[in-house]
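Working notes, beginning with the structure itself.
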Amino acid sequence: MSQAPIIDRMRVFLVESPIRMARAQGVGAVKGSVRRVLLELTTRDGIIGWGEAAPWEVFTGTPEGAFAALDRYLRPLILGADARRLRSLTAAMDRTLVSHPESKVAVEMALLDILGKSTGLSVADLLGGRVRDTIPLSFSIADPDFAADLERMHAMVAAGQRLFKVKTGVKPHAEDMAHLEAIRGAFGDTVDLRLDYNQALEPFGAMTILRDVDRFRPTFIEQPVPRRHLDAMAGFAHALDTPILADESCFDATDLLEVVRRQAADAISVKLMKCGGLLKAQAMMAIADTAGLPGYGGTLWEGGIALAAGTQLIAATPGISLGCEFYMPHHVLTEDVLEERIPNRNGAVVVPDAPGLGIRVTEASLRAGAKHVAEA
Ligand SMILES: [Mg+2]
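Final position of the sequence shown in the working numbering is 1482; the numbers increase by one with none missing.
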């Protein structure tokens, strides 16, 4: 490092991207477009780092709130900060602003991008070094038009895709059963099937439904009931052969301790937008590893920058072993601000080799790849 990497320029962009397919997710159907926030930090000697905050209003917060958090509340901490003192800045952000994990992780990924670019190391190197070069990729079956999804699955399986997560609980149970039957009928055990209820079931009666779907031998059942019903989750985890995965019930390390204490899940979904940091995600996985819970790389409506950070995290975190769902840029977002997308090969995300996040964003790709709603 020639000079101290002091941040002296910051730009925040609220962008909107059209999406290619309608998504019915139990809570919050998404159609048309999604909004997210991009962050560009530049050091005194011109090294640029990128970050992204991608909240979802039914899950964590709003993109407009993330924009304001970065522009108005975190900007004074970021300008003049030394990128090498990342933990110190993280602590200052936590003292200054409650919650807003998406905005905080956007800052952390931009700083790690800068540190990586200034040292020639990837973010995975900075996080302890990679333990895997590819990450199995899960695609979510969430199109309201199931026939369209089944057709998509045929093409994807032929191209080497193996992991699929079916969004269940949106349609009547009988329809879910018919869809699962159709999927197992068409692909047998060649696909690794996971189910995600996105909190759709009430604890009352859920056990019967879950016992029904259990017979399709899913790898896990994600978040069958609302976030707060940890005792019901524990009941399912105890009674069913299929592992129960906590997503909405497990945002951060505090939630995870409770999940572990009450034995409310067999695995967890780790999302940068929930826990608010790559280092925090690794700290969570230390708890999960100790308790014997594997992690799964989840997302919200994240674009290429956030998914690059997630890719680097999983590459360097052994316990996140259940794959990832970083399929947005290839299958859902019609455009993105990266010069080149992170490659997917044979149903897996290929971890980039280049320094920092391993991606390239230029002024041209930034302007061409999303509609700009606001800039500060
Ligand atoms: Mg989920």
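Ideal placement from N, C-alpha and C gives every residue a C-beta, glycine not left out.
Own chain partners of residue i with C-beta closer than 6 Å, once the 5 adjacent residues on each side are dropped
| i | result |
| --- | --- |
| Val1457 | Asp1239, Thr1417, Ala1421 |
| Thr1225 | none |
| Met1107 | Below a pLDDT of 50, predicted positions are generally treated as unreliable, and Met1107, at 47, falls in that range; the measurement from the model is reported next regardless. If we look at Met1107 and ignore the five residues flanking it on each side, its Cβ neighbours are Ser1224. |
| Val1237 | Pro1424 |
| Asp1442 | Gly1409, Gly1410, Pro1435, Gly1475 |
| Pro1278 | none |
| Ala1397 | Val1366 |
| Leu1362 | Cys1356, Met1390, Ile1393 |
Contact set for residue i: own chain, Cβ-Cβ below 8 Å, skip 5 residues either direction
| i | result |
| --- | --- |
| Ala1268 | In the sequence on display, residue 1268 carries Arg and not Ala. Excluding positions up to five away in sequence, the list reads Pro1242, Thr1296, Val1297, Asp1298, Gly1453. |
| Glu1469 | none |
| Gly1389 | For the sequence presented, residue 1389 should be read as Ala rather than Gly. Cβ neighbours of Ala1389 beyond the five flanking positions: Ala1359. |
| Ala1198 | Leu1183 |
| Phe1293 | Met1259, Val1263 |
| Ala1312 | Pro1330, Val1331, Ala1338, Phe1342 |
| Asp1231 | Gly1222, Ala1422 |
Bridge partners - residue i, DSSP secondary structure assignment
| i | result |
| --- | --- |
| Trp1156 | Glu1146 |
| Phe1245 | Phe1270 |
| Glu1328 | Asp1302, Leu1351 |
| Cys1430 | Leu1243, Gly1403 |
| Phe1508 | For residue 1508 there is no data in the structure shown, the boundaries of the chain being 1107 and 1482. |
| Val1455 | Ile1241, Asn1450 |
| Asp1188 | Ile1112 |
| Ala1284 | According to DSSP, Ala1284 bridges with nothing at all. |
| Leu1439 | Ile1125 |
Proximity below 8 Å, CB of residue i to CB of residue j
| i | j | result |
| --- | --- | --- |
| Ala1414 | Gly1382 | no |
| Asp1219 | Trp1156 | yes |
| Ala1359 | Ile1315 | no |
| Leu1203 | Leu1180 | yes |
| Ser1244 | Arg1300 | yes |
| Asp1318 | Thr1348 | no |
| Glu1481 | Arg1126 | no |
| Asp1177 | Ile1112 | no |
| Phe1326 | Ile1350 | yes |
| Asp1337 | Arg1368 | yes |
| Ala1370 | Ala1352 | yes |
Cut-off 7 Å between Cβ atoms - residues of its own chain near residue i, not counting five sequence neighbours on either side
| i | result |
| --- | --- |
| Gly1235 | Ala1422 |
| Gly1429 | Ile1241, Pro1242, Leu1243, Ser1244, Leu1269, Tyr1402, Gly1403 |
| Gln1109 | Arg1150, Asp1151 |
| Pro1324 | Leu1299, Arg1300, Leu1301, Thr1348 |
| His1478 | Phe1119, Val1121 |
Heavy atom of ligand 2 within 7 Å of residue i beta-carbon
| i | result |
| --- | --- |
| Glu1122 | Questions concerning ligand 2 fall outside what the structure shown contains, since the ligands it does hold are ligand 1. |
Min CB distance residue i to chain C below 8 Å
| i | result |
| --- | --- |
| Asp1442 | Here there is only one protein chain, and chain C is not present. |
> Touching or not, the segment 1407 to 1418 and the segment 1440 to 1455, by the rule of three or more beta carbon pairs under 8 Å?
Replying inline: These segments touch.
> Contact between the segment 1161 to 1181 and the segment 1200 to 1211: three or more CB pairs below 8 Å?
Replying inline: yes
> Contact between the segment 1368 to 1379 and the segment 1390 to 1402: three or more CB pairs below 8 Å?
Replying inline: In short, these stretches touch, since the Cβ pair count reaches three.
> Would you call the segment 1300 to 1309 and the segment 1275 to 1290 in contact, with 3 or more CB pairs under 8 Å?
Replying inline: yes
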